[in-house]
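Each residue of the sequence shown is one higher than the last, beginning at 7 in this note's numbering.
The beta-carbon is built from N, C-alpha and C at its ideal position, and this holds for glycine as well.
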Amino acid sequence: MLTVGDRFPGYELTACVSLDVNKAFETINHKSHEGKWRVVFFWPKDFTFICPTEIAEFGRLNGEFADRDAQVLGASVDNEFVHHAWRRAHRDLRESPFPMLGDSNRALSAAGV
Numbered sequence: 007m008l009t010v011g012d013r014f015p016g017y018e019l020t021a022c023v024s025l026d027v028n029k030a031f032e033t034i035n036h037k038s039h040e041g042k043w044r045v046v047f048f049w050p051k052d053f054t055f056i057c058p059t060e061i062a063e064f065g066r067l068n069g070e071f072a073d074r075d076a077q078v079l080g081a082s083v084d085n086e087f088v089h090h091a092w093r094r095a096h097r098d099l100r101e102s103p104f105p106m107l108g109d110s111n112r113a114l115s116a117a118g119v
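What follows is the structure in structure tokens.
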């Protein structure tokens with residue numbers, strides 16, 4: 007587990023960033039938001055009954071994070087296509103303003119984050 011002072015691992019993951027099929031996916035890596043703080047949070051799996059509450063709350067607070075020069079990034083071990091389907095299916099997630107990273111190969115989650 008990472009602690010204060012530990013370096014966050016490098017990563018390059020595909021994220022669901024929109025419900026618009028033509029703009030739905032984007033590659034996000036450790037350099038994508040250079041110069042900003044990053045708030046990275048994980049949930050266990052998409053389509054679970056409790057997780058949307060916390061994810062939606064990060065979305066509602068996104069402006070406050072942005073005011074503090076911080077980029078929110080959410081992630082789970084599901085892929086970007088599952089994230090897209092979940093956002094489309096769950097009304098609280100449809101307008102999510104931050105990328106939902108697909109860590110299906112567990113590269114980031116296995117790195118002790």
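Can you find the residues in the same chain that come closer than 7 Å, C-beta to C-beta, to residue i, ignoring five residues on each side of it along the sequence?
i: G118; result: M7, L8
i: H89; result: C22, D52, M106, G108
By Cβ distance below 6 Å, which residues in the same chain neighbour residue i in space, the five residues on each side in sequence not counted?
i: Q77; result: H39, K42, R44
Return the chain-ordered list of same chain residues with a C-beta closer than 8 Å to the C-beta of residue i, the five sequence neighbours on each side being excluded.
i: N68; result: V78, P103, F104
i: R100; result: L25, R93, R94
i: S115; result: F48, A81, V83, D109
Which class does residue i belong to by DSSP, given the choice of helix, strand or coil?
i: E70; result: helix
i: F47; result: strand
i: V88; result: helix
i: G11; result: coil
i: G108; result: strand
With burial defined as no fewer than 16 other Cβ atoms inside 10 Å of the residue's Cβ, what is the status of residue i: buried or exposed?
i: E63; result: exposed
i: V27; result: exposed
i: D84; result: buried
Report the CB separation of residue i from residue j in whole angstroms; it is logged as a contact under 8 Å.
i: F55; j: G80; result: Incorrect: roughly 17 Å between the Cβ atoms, too far for contact.
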